[in-house]
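Chains as they are written, first to last, in the numbering used here: chain U, 8 to 134; chain C, 8 to 134.
First the structure, in the form of C-alpha cells, and then the observations on it.
Protein chains: 2
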Amino acid sequence: MTWADDVAFDERGLVTVIAQDAASRRVLMVAWANREALLETAATGQAVYYSRSRARLWRKGEESGHRQRIKELRLDCDGDVVLYVVEQAGGIACHTGRESCFFRSLDGDSWRTVDPVLKDPELIYRK
Amino acid sequence: MTWADDVAFDERGLVTVIAQDAASRRVLMVAWANREALLETAATGQAVYYSRSRARLWRKGEESGHRQRIKELRLDCDGDVVLYVVEQAGGIACHTGRESCFFRSLDGDSWRTVDPVLKDPELIYRK
C-alpha cells in the first residue's frame, strides 16, 4: 500500500493534474498523469505528466526548458485530481510563451487574451 | 457564434472546470460543466456545474448555501478547461466542510490532511 493507491485513476489509468505556481498562485496548466508519472514526480521533485498524444511520459520542460520544481503535491477529496504546486522555470508554463495556459478571459460575448507572451514560442522550441 | 462555441466540450458535452478563490488564490475544487451550465454561470454570475451523478445542473450552494460568485471566467489554450475565479460564500467549497477539496498533502509515503474542517458537514447539509 502506497500513497499512489489512494489516487482514483480512471479507466485509462490516468488522473487529472493541475499545476499551480507557488509564488504567483496562478493556475498554470492542466494535464494528465498516470501512476508512473506521479511516482517519478514525487521521487525526483520535477513535474512529470503523461502525454496522451505522444502516449508516453512527459517530463515538463524536456523540450522547452520550462521545468517545474515540485513544492507540494495535493490530492482532492474524491482522489481524482492531483495538484502540483510548483516553481515554474522561466515563469512560463504555456506552449504559447505565456505564464499560464489560462490567458483568455471572458469579456462580454467573447474571450479576450489578457496575458502577454513572455517569450516567442519559436525561440522556446528551437532545436 | 458565441463564446461558448470556443469551448472544446468532450464527447459527453462536458468540460472540466476548476474553481479558484479570488482572495486566497486556493484551488477550491474541480467539477464539470456542460454548455447550459456555462451559459447560466455567465448570465447569473453564480457558479453552475453539471453533476454527472445526478445528471442535472448543479447550482453550487443550492443545498449547502456555499455559493460561488463569479469574478472572472478564463479558458485555457486548448479550450478544454474553464477556470471559475470566485468569491466563495462561507469560505467553504468542499463537502467535508473545508475551504478546498485539496486538503491532503503528500508527506513522505502518505497523504496527510493539513486543512481544518471549518464547519461540520452535518450542520451544512441539515435540512
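Note that CB positions come from ideal geometry on N, CA and C, so glycine has one too.
Just so it is clear, the structure is predicted and the values come from calculations on it, not from any experiment.
query                                                                                                                                                                                                           : result
How long is the line joining the alpha carbons of ASP114 of chain U and ALA11 of chain C, rounded to whole angstroms?                                                                                           : 12 angstroms
Quick one: give me the first and last residue of the alpha helix (DSSP H) that ALA50 of chain C is part of.                                                                                                     : 42-51
Between U:ASN41, U:ALA44, U:GLU18 and U:GLN27, which lies nearest to CYS101 of chain U when the distance is taken from Cα to Cα?                                                                                : U:GLN27
Name, please, each residue of chain U whose Cβ falls closer than 8 angstroms to the Cβ of SER60 of chain C.                                                                                                     : In chain order: nothing, as chain U lies at least about 11 angstroms away.
What separation, rounded to the nearest whole angstrom, lies between the Cα atoms of LYS67 of chain C and LEU64 of chain U?                                                                                     : 35 angstroms
Using DSSP with H/G/I as helix, E/B as strand and the rest coil, what is ASP13 of chain C?                                                                                                                      : helix
Closer than 7 angstroms between beta carbons: that is the criterion. Which residues of the stretch 72-100 of chain U meet it against chain C?                                                                   : GLU79, LEU80, ARG81, LEU82, ASP83, CYS84, VAL88 and LEU90
Given THR120 of chain U, which residues of its chain have a CB within under 7 angstroms of its CB, disregarding the five upstream and five downstream residues?                                                 : PHE110 and ARG111
Any C-beta of chain U within less than 8 angstroms: which residues of the stretch 109-126 of chain C qualify?                                                                                                   : PHE109, PHE110, ARG111, SER112, LEU113, ASP116, SER117 and TRP118
Between ASP13 of chain U and chain C, is any beta-carbon pair separated by less than 8 angstroms?                                                                                                               : yes
Look at the alpha carbon of SER60 of chain C and the alpha carbon of VAL37 of chain C, and state the distance between them as a whole number of angstroms.                                                      : 15 angstroms
Which stretch, first to last residue, makes up the beta strand (DSSP E) that contains ILE131 of chain U?                                                                                                        : Premise fails: ILE131 of chain U lies in the alpha helix (DSSP H), 128-131, not in any beta strand (DSSP E).
Taking the continuous beta strand (DSSP E) assigned at ILE77 of chain C, which residues delimit it?                                                                                                             : 75-82
With a threshold of 8 angstroms between beta-carbons, can GLN27 of chain U be considered close to chain C, or not?                                                                                              : yes
Answer with buried or exposed for LEU82 of chain C, where buried requires no fewer than 16 other C-beta atoms within 10 angstroms of its C-beta.                                                                : buried
Since ALA49 of chain C meets chain U, which of its residues come closer than 9 angstroms, beta carbon to beta carbon?                                                                                           : LEU113
Could you work out which residues of chain U lie near TRP6 of chain C, taking near to mean beta carbons separated by less than 7 angstroms?                                                                     : Residue 6 of chain C lies beyond the range of chain C shown here (8 to 134); nothing can be said about it.
Can you tell me the Cα-Cα spacing of THR9 of chain C and TRP118 of chain U, whole angstroms?                                                                                                                    : 10 angstroms
Kindly indicate which three-state DSSP category ALA100 of chain U falls into: helix, strand or coil?                                                                                                            : coil
Please go through the same chain and pick out, in chain order, the residues whose beta-carbon is closer than 7 angstroms to the beta-carbon of GLY86 of chain C, but skip the five residues on each side of it. : ASP13, VAL14 and ALA15
Do LEU125 of chain U and GLY98 of chain U have their CB atoms nearer than 8 angstroms?                                                                                                                          : yes
Which residues, taken in chain order from the stretch 19-44 of chain U, show a beta carbon closer than 9 angstroms to some beta carbon of chain C?                                                              : THR23, ILE25, GLN27, SER31, ARG32, ARG33, VAL34, MET36 and VAL37
From the DSSP secondary-structure annotation, give me the bridge partner or partners of ARG66 of chain U.                                                                                                       : U:VAL55
Mind checking who GLU94 of chain C pairs with in its DSSP beta bridge?                                                                                                                                          : C:ARG76
Which two residues bound the contiguous beta strand (DSSP E) that contains VAL22 of chain U?                                                                                                                    : 22-28
Do GLY72 of chain U and ARG42 of chain U have their beta-carbon atoms positioned less than 8 angstroms apart in this structure?                                                                                 : no
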